[in-house]
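*Asks:* Protein chains in written order, with numbering that gives the first Met the number 0: chain A, 0 to 237; chain B, 0 to 223.
All residues carry an ideal CB built from backbone N, CA and C; glycine is no exception.
Please read all numbers here as calculations on a predicted model, not as lab measurements.
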Amino acid sequence: MDARGRKGAPELIVNMIAWLADPAHWRGPEGVPAQMLLHLYYCVLSVGVAVVIAVPLGLYIGHTGRGGVFVVGVSNAMRALPTLGLVTALVMFLGLGVVPALAGLVILAVPAVLSGTHAGVRSVPTEAVDAARGMGMTPWQRLWQVELPNALPLLIGGVRSAMLQVVATAAVAAYVGLGGLGRILLGGLAVGEYDQMAVAALLIALLAVFLDGVLAALSRWVVPRGLVLANTATHDGS
Amino acid sequence: MIEELLKFFGSPSNREMVLDALAEHTYLSLVPLLLGFLVALPIGRLAQRVYWLRGMLLGAANVFYTIPSLALYVLIPGLFGWPLLSSNNVVIALTIYTAALLVRPTLDALESVPGHVTAAATAMGYRTGRSFLTVELPLAVPAIASGVRVASVSSISLVSLGALIGTGGLGKLFTDGFQRWYPAQVLIGIVLTVLLALVVDLLLVGLWRLITPWTRAGGRVLPS
Chain A
0 MDARGRKGAP
10 ELIVNMIAWL
20 ADPAHWRGPE
30 GVPAQMLLHL
40 YYCVLSVGVA
50 VVIAVPLGLY
60 IGHTGRGGVF
70 VVGVSNAMRA
80 LPTLGLVTAL
90 VMFLGLGVVP
100 ALAGLVILAV
110 PAVLSGTHAG
120 VRSVPTEAVD
130 AARGMGMTPW
140 QRLWQVELPN
150 ALPLLIGGVR
160 SAMLQVVATA
170 AVAAYVGLGG
180 LGRILLGGLA
190 VGEYDQMAVA
200 ALLIALLAVF
210 LDGVLAALSR
220 WVVPRGLVLA
230 NTATHDGS
Chain B
0 MIEELLKFFG
10 SPSNREMVLD
20 ALAEHTYLSL
30 VPLLLGFLVA
40 LPIGRLAQRV
50 YWLRGMLLGA
60 ANVFYTIPSL
70 ALYVLIPGLF
80 GWPLLSSNNV
90 VIALTIYTAA
100 LLVRPTLDAL
110 ESVPGHVTAA
120 ATAMGYRTGR
130 SFLTVELPLA
140 VPAIASGVRV
150 ASVSSISLVS
160 LGALIGTGGL
170 GKLFTDGFQR
180 WYPAQVLIGI
190 VLTVLLALVV
200 DLLLVGLWRL
210 ITPWTRAGGR
220 VLPS
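Below, the structure written as structure tokens:
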């Protein structure tokens, strides 16, 4: 299929606005709002499951200092796995459904969260951990009150990067029969409607920018104030 | 499973298809890696030298990094009026992605070159350009290298996403294998993608070792 017309940007923008202005594209379960919410749901769910798997693992490995090489190796190998291949293979072996499709997205999200958590815990200054130990904190207290808060900036950085990859890739869910913005994109491809594909691509991009902004705000909100002050102090000093 | 594989590779047309897909995948992932590096280098240098531009350049890199490659695969042909399946779309999208990813590591790497080394180069009469190419850039290579490795793995995995809209590479094995319900073909595609990432990574590591012999010369030259 041709990207219609070879006329470039102005025509593309006009056509996309025309597509968006059609009220039929906004109604019902196939409409833009419903599919966008579904896309968002897949992303938040997959990244959420990845966080539940990877954060405790990363904290444990960072806290004990054991298995760091293993984590880096496995994360890098997992990064190389192509999500589209993984999802199609999982669907062929496990059958159509939400679980195999989202499993592929979870596998995509785990490495970033794991290495972010691990790097976060490793970045905690040794003096802070030693001071906590000297104050008589138990290992659990050290983990919750010292290591985790100090690890948060890098940890959330890992979650942000995982979220970006998942939003960008969640269109594969539509390829194996689920919904989301990928459905609008692939639906456009199937009937040769380039404008519809372009709108879906734009919405995916906007969703990515929006979610990244939300996580950036979240990061500012949950990172302890003392840590922010300490960082700005060293930053200004350099 | 072994039987399936033998059957699959027994057919000359399958062998040809897999090799073509592998070659196309290699091209579509390595060309943007090189181009993205060449774009990120001057931007990183600019961000290092011109302090007031730094925030803007890093912000722009971050925004471009946020835009999903799949969205670019679809939007670039419309913006330029090209066919949807032109390989240029993938090359441009991944070049933008790689460049956006590498600006920050390049800046950090250049910043990590010790001040006394550049001062020594200046004292020896090196002009800025020569100091950059022969002193600062070589010393920055190890730190840039880790960024390039991340970018290469990501690009190789992102190329296959293009198969959703029909562009080439190993991703074709997934969509074609799914439509024909041929699990062996999908598994071959996954294995080849991972192997390609592994081989490229090993080659990159070898390349860095080759061009930075001093890092292995015993005694540490760079405080890292």
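1. By alpha-carbon positions, which one of A:L185, A:V90, A:P55 and A:G27 ends up nearest to A:L142?
2. Note down, in chain order, all residues in the segment 92–112 of chain A with a beta-carbon under 8 Å from any beta-carbon belonging to chain B.
3. Would the segment 179–189 of chain A and the segment 6–15 of chain A be scored as touching if the rule is three or more Cβ pairs under 8 Å?
4. Tell me the start and end of each unbroken alpha helix (DSSP H) in the segment 17–82 of chain B that is at least 4 residues and wholly inside, in chain order.
5. Can you tell which of A:L19, A:M162 and A:L11 has the C-alpha that lies nearest to the C-alpha of B:G80?
6. Tell me, please, whether the CB atom of B:G170 is closer than 8 Å to any CB atom in chain A?
7. Taking one C-beta from the segment 36–44 of chain B and one from the segment 9–25 of chain B each time, how about it: are there three or more such pairs within less than 8 Å?
8. Taking the alpha helix (DSSP H) that A:E29 belongs to, which residues open and close that run?
9. State yes or no: is the C-beta of A:T116 within less than 8 Å of the C-beta of A:G157?
10. Is it the case that the Cβ atoms of B:P137 and B:T211 are separated by a distance below 8 Å?
11. Can you tell me whether A:G66 is helix, strand or coil according to DSSP?
12. Using CA atoms only, rank isn't needed, just tell me which of B:G43, B:A144, B:D107 and B:S153 is closest to B:A59.
13. Run through DSSP, which three-state label would A:A189 get?
14. If you run the structure through DSSP and keep just helix, strand and coil, what is B:M123?
15. Decide if the segment 137–152 of chain A is in contact with the segment 79–94 of chain A; the criterion is three or more beta carbon pairs, one per stretch, under 8 Å apart.
16. Would A:G178 pass as a contact of A:V171 if the rule is Cβ separation under 8 Å?
17. So which of B:M0, B:A46 and B:G165 has the shortest CA-CA distance to B:A99?
18. Which of helix, strand or coil does DSSP assign to A:A127?
19. Along the segment 67–78 of chain B, what residues have a CB closer than 7 Å to any CB found in chain A?
20. Keeping to the same chain, check which residues put their C-beta closer than 6 Å to that of A:R3; ignore five residues upstream and five downstream.
21. Determine the chain A residues that contact B:V193 at a beta-carbon separation under 9 Å, and present them in chain order.
22. Under 7 Å Cβ-Cβ, which residues of chain A neighbour B:T65?
23. Buried or exposed, going by whether 16 or more other CB atoms sit within 10 Å of the CB of A:N14?
*Replies:* Let's see:
1. Nearest neighbour of A:L142 by Cα position, chosen from A:L185, A:V90, A:P55 and A:G27, turns out to be A:P55.
2. The segment 92–112 of chain A vs chain B, Cβ under 8 Å: F92.
3. At 8 Å Cβ cutoff, the stretches do not touch.
4. Within the segment 17–82 of chain B, the complete alpha helix (DSSP H) runs of at least 4 residues are 50–65 and 68–79.
5. Out of A:L19, A:M162 and A:L11, A:L11 has the C-alpha closest to the C-alpha of B:G80.
6. Yes, its Cβ sits closer than 8 Å to a Cβ of chain A.
7. Judged by Cβ distances under 8 Å, the segment 36–44 of chain B makes no contact with the segment 9–25 of chain B, as fewer than three pairs qualify.
8. No alpha helix (DSSP H) contains A:E29, which DSSP labels as neither H nor E.
9. A contact, by the Cβ cut-off of 8 Å.
10. In contact: B:P137 and B:T211 (Cβ atoms closer than 8 Å).
11. In the three-state reduction of the DSSP assignment, A:G66 falls in the coil class, being assigned neither a helical nor a strand state.
12. Per the Cα distances, B:G43.
13. It is helical.
14. Coil, per DSSP.
15. Contact annotation: the segment 137–152 of chain A does not touch the segment 79–94 of chain A, with fewer than three C-beta pairs closer than 8 Å.
16. No, these two residues do not count as a Cβ contact at 8 Å.
17. Per the Cα distances, B:A46.
18. When DSSP states are grouped into helix, strand and coil, A:A127 belongs to the helix group.
19. Listed by position, the residues of the segment 67–78 of chain B near chain A (Cβ gap below 7 Å) are P67, S68, L69, A70, V73, L74, P76, G77 and L78.
20. Confidence is the limiting factor: at A:R3 the pLDDT is only 48, short of 50, which leaves the residue's position unreliable and the question unanswerable from this model.
21. Listed along chain A are A76, A79, L80 and P81, each with a C-beta nearer than 9 Å to that of B:V193.
22. What B:T65 touches in chain A: L163, A207, V208 and D211.
23. Label assigned to A:N14: buried.
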